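Chains V and R, in that order, are what the protein sequence lines are. When we follow this note's numbering, the leftmost residue of the first sequence carries the number 43, and every step to the right adds one. When we follow this note's numbering, the leftmost residue of the second sequence carries the number 9, and every step to the right adds one. From the three backbone atoms N, C-alpha and C, an ideal C-beta is built for every residue, glycine too. Model, not experiment: these values are computed from the prediction.
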Amino acid sequence: MANTYQLSRESLTSLFGALRKDGRRILAPVESDGRIGLGEVEAPAQVAGDYLQTIMSAKEVAFPKVERLLSYTITPGQVDLKDAEPKAAPTVLFGVRPCEAKAFGALDAVFNWDYRDKFFNARLEKLAVIGLSCTKADEACFCTSVGGGPADTAGSDILLTPVADGYLAEVLTEKGTAILNLASDLFKPGNGVDKVAVAAKVEAAFDQPALTAKLPGMFDSEVWVDQSLRCIGCGACAFVCPTCVCFDIQEEADPKQGERLRCWDSCGFHMFTLHASGHNPREVQSARWRQRIYHKFSYYPQRYDQLGCVGCGKCTRACPVDMNLKEHLTEAAGVTA
Amino acid sequence: MEALKQRAIELLEKGEVKAVLGYAKGTGQARRAFFARQPGQVDKLVLDEACTQNLAAYATKHEVKKLGRVAIVAPPATQRALIQLMAERQLRDGDLAILAVDEGAIKELGSAAALEEHLALKAQGLDAKDKTLLAKLDAMSREDRWAYWQNEFSRCMKCYACRNSCPMCYCEHCTMDCNRPQWVPVASHSIGNLEYHMVRTMHLAGRCVECGDCGRACPVGIPVHLLTISAEETVHELFGQRAGAKAKLDYALSTFKTDDKESFIR
């Protein structure tokens with residue numbers, strides 16, 4: 043059960059100060075040329091004032107687009123191999139939306155499935171999430187259709203919900219308590235504000251458990267072909283997605299030295315499953331689009347007992363050809379076998 | 009709009025085409041590509057200022073070619089892309105029914121020659137905002153321009169939305185995807201991003217139809233279209249050629265002339 047407090051708007055300045063004094067960097071949504079993205083801030087005034095979401099997801103904080111795994115030098119008769127060590131700075135992610143906070147769970151499921159990924163874990167261990175409930179949503183949002191909500195606490199160490207003059211602060215984890223203890227005088231006793239009343243209203247669009255149950259039986263449905271006809275096979279959806287976790291291992295080397303890099307990859311790319319023989323089991327875009335849906339809504343629940351989608355809608359907003367995930371899932375859920 | 013819908017229904021009913029590729033309402037105010045495959049779906053077609061995507065990008069796709077003959081709704085930039093694709097032998101003359109749209113008026117163009125004649129009557133102009141940005145970039149010192157692009161590319165994540173949205177990026181095996189040998193680093197680090205955008209720009213110099221779709225496609229708002237437009241304008245300035253005007257290939261960067269004014273090439 044969360045400990046609930048009141049936090050005044052003015053006290054955020056002191057909270058930011060206390061976090062920085064504790065040696066933590068603060069990442070928050072900031073505005074630059076009309077775009078909202080995560081940036082390092084020192085004071086609350088630098089945080090974007092009115093935003094729905096960042097374009098990119100917060101996954102970069104724990105899973106960057108390029109990660110060096112190892113490097114080596116080659117001299118006659120000898121190879122010197124050096125493991126890379128993660129650079130993990132104590133970080134507070136401030137003001138991310140509940141959907142994105144929850145998404146770290148989906149990343150965690152993969153990075154700690156059968157192997158503990160030291161890079162991801164090193165960063166996650168030093169990461170604290172101060173989430174911010176949504177008071178508005180757009181047509182791309184569908185958190186409530188995938189088990190989340192605009193004021194959902196999952197994934198946040200502290201969840202702030204905007205109320206008059208400040209925030210309702212739910213301190214949810216040990217990491218949250220540690221932050222509270224840095225500036226306990228700022229956290230005033232809560233007064234039982236009904237956060238649901240202030241949170242955005244996001245209507246559930248489709249019956250997700252029913253969709254997940256029927257997906258295995260609709261692998262050959264024409265719906266995937268119809269939906270994907272306009273997909274151009276780029277990786278925008280996967281790269282902005284807070285749960286998309288697929289990566290490619292690349293070697294950058296010359297005869298004397300080299301580096302092994304882990305780079306974001308996307309199942310939407312035609313090269314993703316291309317075999318060395320030239321055979322491609324997902325030869326057409328419809329097969330790749332179907333994989334995207336199945337991975338998130340069928341394979342993820344089977345394997346990790348959770349969904350690989352948090353309904354943030356970033357993919358829909360980023361898509362150059364307006365592939366609307368909520369709409370397409372709703373359509374798929376309505377297909378009669 | 010009514011004329012377009014009527015013609016679309018006719019084409020589908022008579023079996024002259026298997027699909028009419030146009031625009032339909034999308035998320036919010038957005039418009040999206042739409043394949044009307046039955047006369048009953050034609051009603052979903054819309055045509056207004058928000059219809060900006062260059063649909064010619066679909067004309068070379070396997071999935072679309074497999075549908076059979078397609079009619080394509082083609083505003084000016086799409087018309088330019090289609091004739092360039094024909095010039096580059098990616099589309100056969102007559103492969104598509106081209107429903108040329110110019111300020112609301114619809115004209116059906118059946119051949120490359122008709123398209124060329126139609127395009128010759130029109131002045132090609134750059135978007136005012138792009139013109140301003142290009143002038144601003146031109147006025148910068150080399151160092152400032154370098155810094156500007158370095159900063160812009162720092163947001164690139166190599167999702168290839170710019171490449172994949174481009175009607176002229178139809179290569180089956182893009183240099184970016186070539187790994188034997190690996191010409192360009194796959195990783196989206198500073199060198200990988202820079203090399204990618206340089207290759208893309210050079211490959212479109214003299215071939216870019218200046219639709220701006222690559223820039224619109226970029227999820228992180230990098231004005232990548234300014235690179236290819238700038239290269240296209242340079243080719244025009246130096247060689248007097250423009251992509252998207254002629255049915256027969258006229259491409260400065262792959263043309264050799266014995267009377268070339270430069271001595272190094274002779």
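*Residues of chain R with a CB under 7 Å from the CB of V/Ile97: which are they?*
Pro227 and Val228
*Provide the residue span of the alpha helix (DSSP H) that contains V/Asp159, from first to last.*
Here V/Asp159 belongs to no alpha helix (DSSP H), and DSSP marks it neither H nor E.
*Taking all protein chains shown into account, do 16 or more other C-beta atoms lie within 10 angstroms of the C-beta of V/Glu212, making it buried, or fewer, making it exposed?*
buried
*Helix, strand or coil at V/Met43 according to DSSP, with G and I counted as helix*: Because V/Met43 carries a pLDDT of 46, less than 50, the predicted location of this residue cannot be relied on, and the following value inherits that uncertainty. V/Met43: coil per DSSP, three-state reduction.
*What residues of chain V sit near R/Pro231, judged by a beta carbon separation below 8 Å?*
Within chain V, no residue comes near R/Pro231; the closest Cβ sits about 10 Å away, beyond 8 Å.
*Can you give the Cα-Cα distance for R/Ala67 and R/Leu99, rounded to whole angstroms?*
8 Å
*asked:* Which residues in chain V have a C-beta closer than 8 Å to the C-beta of R/Thr35? List them in chain order.
replied: Glu181, Ala182, Thr358, Asp364, Asn366 and Glu369
_Validate contact between the stretch 235-244 of chain R and the stretch 132-152 of chain R using beta carbons, cut 8 Å, 3 pairs_ = yes
*Using the beta-carbon of each residue, which ones in chain V are nearer than 9 Å to R/Pro193?*
Gln292, Glu294 and Leu303
*Out of V/Ser198, V/Pro128 and V/Glu245, state which residue places its alpha-carbon closest to the alpha-carbon of V/Lys178.*
V/Glu245
*Check the Cβ-Cβ distances between R/Asn172 and every residue of chain V, and say whether any is below 8 Å.*
yes
_Suppose the cutoff is 8 Å on Cβ atoms and the five residues either side in sequence are ignored; what does the same chain contact list for R/Val228 look like?_
Arg163, Cys164 and Met165
*asked:* Against chain R, with Cβ distances strictly below 8 Å, would V/Cys288 count as a contact?
replied: no
*Go ahead and label R/Pro84 buried or exposed: buried means 16 or more other beta carbons lie within 10 angstroms of its beta carbon, across all protein chains shown.*
buried
*Put R/Gln14 into one of helix, strand or coil per three-state DSSP.*
helix
_Between which two residues does the alpha helix (DSSP H) holding V/Lys217 run?_
Glu216 to Leu224
_Inter-stretch contact at 8 Å, needing at least 3 Cβ pairs: the stretch 93-105 of chain V / the stretch 142-153 of chain V_ = yes
*Where DSSP assigns a beta bridge to V/Ala70, which residues make up the other side?*
V/Gly81
*Going by DSSP, what residues sit across from V/Val213 in a beta bridge?*
V/Asn45 and V/Ile200
*Below 8 Å, can you find three or more Cβ-Cβ pairs linking the stretch 266-279 of chain V to the stretch 82-96 of chain V?*
no
*Under 7 Å from any heavy atom of the ligand MG, does the C-beta of R/Leu93 make it?*
Ligands displayed in this structure: none; no statement on the ligand MG is therefore possible.
*Could you check if V/Ser74 is buried or exposed, using at least 16 other CB atoms within 10 Å of its CB as the buried criterion?*
exposed
_Per-residue DSSP class, three states only, for R/Glu195_ = The amino acid occupying residue 195 of chain R in the given sequence is Ala; Glu does not appear at that position. Correct three-state label for R/Ala195: coil.
*In terms of residues, what are the limits of the beta strand (DSSP E) holding R/Lys33?*
Ala27 to Lys33
_Is there a Cβ of chain C sitting closer than 8 Å to that of R/Tyr204, yes or no?_
Protein chains in the displayed structure are V and R, and chain C is not among them.
*So who's on the other strand from R/Ile114, going by DSSP bridges?*
R/Val109
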